[in-house]
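Numbering (the working numbering), first residue to last: 2 to 354. Think of the CB as a built atom: it goes at the ideal place given N, C-alpha and C, for glycine as much as any other residue. In what follows, a structure is listed as structure tokens, so that the remarks can point back to it.
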Ligand code: CMP
């Protein structure tokens, strides 16, 4: 069955519609907007709702409800059902506000939010640890502020919850200034709490940044591993050496027709073809396909590129820089020898000039 056009609204169109819808929702809260302009904005919301409705029908009818697609389907259902329920049951004044549910639409295809969820899940223990330190410092600071300031400013620090508000704004270094310690001891406490706050936020940021870095590296590693497995030459490697090679190879996809390396240029990397093919522009052009490699001659000899190589089809490559080639040579002299031997044979076959 052909896919229904609206089931395939692209991610960027989803975002654009959601942004337009949310701006209209915000504009409609302005009392000054009335008459034709208000009507036009309401029609815009109705139009977006109708498109989302078609998208939902497409998603439900055409696509299978696999487990992976459940979040997207749930978002599509909410995007249609919540404004509809508001239209039927909410008061006229608030109806358009419920379209704010479209805030979820950009999350539908987003890989970033999935990545963030994984990072938070991986780092949950560390994040919980820092959060508990935050809680402990918050409580101690409120207790101390209450004890120090309660007699001086009973209206501001007369209870622990009031002192807690001061502690939160100070610990987060926001400092609204509605509650200010008056005593010397209170101000010293304020300074200490601010410094603790900076430390805690730095720790949170550090944990999240490391978590993101690790997760992105892990994903790259898995993807590279699959690509490296497609190159027969690397099947000769021991697992430990394979791990090093996987880390040092950089994936790249080149569109059909693009030049990958040009004759006469300096070359500090060689390429392994995972998928697709390239044309080596020697006097009688040579096609190299998946599993082959090229660019090794300049890498090994330090001489300029002997020929221009361009992509015959869209080609998926893994590139290896000269420093990593040295590592590969020491880890697997056998593979290095195959590459050197091929370079010698090709040099013999390629006329100079
Ligand atoms: P390099 O000289 O670094 O850059 C161009 C590449 O084209 C070269 O390395 C080889 O990998 C490849 N090449 C050159 N001549 C031939 C050939 N006769 N057969 C296959 N590949 C070649």
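Review point. Roughly how many whole angstroms lie between the Cα atoms of residue 278 and residue 322?
Key: 21 Å
Practice item. Measure from the alpha carbon of residue 123 to the alpha carbon of each residue in 216, 329, 145 and 138, then state which is nearest. Key: 216
Point to revise | Residue range of the unbroken alpha helix (DSSP H) whose run includes residue 338 | key: 334-350
Review point. Is residue 312 near residue 257, with beta carbons less than 8 Å apart?
Key: yes
**Study point:** Within 8 Å, strictly: CB atoms of residue 379 and residue 319
**Key:** The question about residue 379 has no answer here: the residues shown for the chain are numbered 2 through 354.
Review point. How about the segment 242-250 and the segment 329-337: do they share at least three Cβ pairs that are nearer than 8 Å?
Key: yes
Check your understanding: residue 19 by DSSP, collapsed to three states: which one?
Key -> helix
Exercise for review: Could you give the DSSP three-state label for residue 121: helix, strand or coil?
Suggested key: helix
Point to revise | Counterpart residues of residue 252 in DSSP-defined beta bridges | key: 319
Exercise for review: Answer yes or no: do residue 291 and residue 280 have a C-beta to C-beta separation smaller than 8 Å?
Suggested key: no
**Study point:** Three CB pairs or more closer than 8 Å across the segment 20-32 and the segment 83-100
**Key:** yes
**Study point:** Cβ-Cβ distance between residue 272 and residue 303 below 8 Å
**Key:** no
Check your understanding: Anyone know if the C-beta pair for residue 149 and residue 190 falls short of 8 Å?
Key -> yes
**Study point:** Expected contact under 8 Å - CB spacing of residue 46 and residue 25 to nearest Å
**Key:** 5 Å
Exercise for review: Enumerate in chain order the residues of its own chain whose CB-to-CB distance from residue 38 is below 7 Å, with the five nearest sequence positions on each side excluded.
Suggested key: none
**Study point:** Touch test, the segment 196-210 against the segment 130-150, Cβ-Cβ under 8 Å, three pairs minimum
**Key:** yes
Check your understanding: Are residue 276 and residue 316 closer than 8 Å when you measure CB to CB?
Key -> yes
Review point. Residue 269 and residue 234: beta carbons closer than 8 Å?
Key: no
Exercise for review: Tell me, please, which residues DSSP counts as bridged to residue 288.
Suggested key: 280
Review point. Roughly how many whole angstroms lie between the Cα atoms of residue 84 and residue 50?
Key: 8 Å
Check your understanding: Should residue 303 be listed as close to ligand 1, given that the test is whether its C-beta is under 7 Å from any heavy atom?
Key -> no
Review point. What's the C-alpha gap between residue 145 and residue 223?
Key: 51 Å
Practice item. Could you tell me how far apart the beta carbons of residue 103 and residue 22 are, in whole angstroms, since I believe they sit closer than 8 Å? Key: 5 Å
Check your understanding: DSSP beta-bridge partners for residue 271?
Key -> 321
Check your understanding: Is residue 201 helix, strand or coil when you go by DSSP?
Key -> helix
Review point. Residue 286: which of 306, 305 and 310 sits nearest, CA to CA?
Key: 310
Review point. Just to check, is the beta-carbon of residue 310 closer than 7 Å to a non-hydrogen atom of ligand 1?
Key: yes
Check your understanding: If you follow the alpha helix (DSSP H) that residue 80 is part of, which residue opens it and which one closes it?
Key -> 71-90
Point to revise | Straight-line Cα distance separating residue 52 from residue 172 | key: 46 Å
Review point. Between residue 307 and ligand 1, is the CB less than 7 Å from at least one heavy atom?
Key: yes
Check your understanding: residue 262 bridges to which residues according to DSSP?
Key -> 310
Review point. Would the beta-carbon of residue 109 fall within 8 Å of that of residue 164?
Key: no
Exercise for review: Assign residue 56 to one of two classes, buried (16 or more other C-beta atoms within 10 Å of its C-beta) or exposed (fewer than that).
Suggested key: buried
Check your understanding: Mind checking residue 340: buried by the 16 CB within 10 Å criterion, or exposed?
Key -> buried
Exercise for review: Quick one: give me the first and last residue of the alpha helix (DSSP H) that residue 157 is part of.
Suggested key: 155-158
Review point. Just curious, the alpha helix (DSSP H) that residue 232 is in, first and last residue?
Key: Note, residue 232: premise wrong, no alpha helix (DSSP H); not H, not E.
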